[in-house]
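Student: For the sequence shown, our numbering gives the first residue as 1182, with consecutive numbering after it. We put the CB at the ideal spot given by N, CA and C, even for glycine. These figures come from a predicted structure and were not determined experimentally.
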Amino acid sequence: MRQAELYQSVLRQLSLLPVEYLKLVERFVSGLNQLTQDKKKNRQAILTLAGSWSDLSDQDFEDIRTVAKETGNSL
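1) In angstroms with no decimal places, state the Cα-to-Cα distance between Arg1208 and Ser1196.
2) Hey, how far is the Cα of Leu1198 from the Cα of Lys1222?
3) Would you kindly work out how many angstroms separate the C-alpha atoms of Glu1243 and Leu1205, rounded to a whole number?
4) For the alpha helix (DSSP H) containing Leu1216, list its first residue and its last residue.
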């Protein structure tokens, strides 16, 4: 099903719902939109963090990895 067909199908289905159920649908869709926005923000934060490591030397990275491993083992 193409995007336009899917969109029209959803609209048709919504038009069949009693008005009192539309508030539930609106809350559900708002929740989905919020999840989508949160995922976009998380993805950007991860990419930013990953990019911040790109200028580390191999030795610095090894030092960080060693400290992280030692810290994890001591917990």
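Tutor: On the basis of the data shown:
1) Within the sequence shown, residue 1208 is the residue found at index 27, counting from 1. Within the sequence shown, residue 1196 is the residue found at index 15, counting from 1. A straight line joining the alpha-carbon of Arg1208 with that of Ser1196 spans about 17 Å.
2) Locating residue 1198 in the sequence shown gives position 17, where the first residue counts as 1. Locating residue 1222 in the sequence shown gives position 41, where the first residue counts as 1. C-alpha separation (whole angstroms): 33 Å.
3) Translated into the one-based positions of the sequence shown, residue 1243 becomes position 62. Translated into the one-based positions of the sequence shown, residue 1205 becomes position 24. Looking at the two C-alpha atoms, the distance is approximately 52 Å.
4) To locate residue 1216, count along the sequence shown from 1; it is residue 35. That run of the alpha helix (DSSP H) goes 1200-1233.
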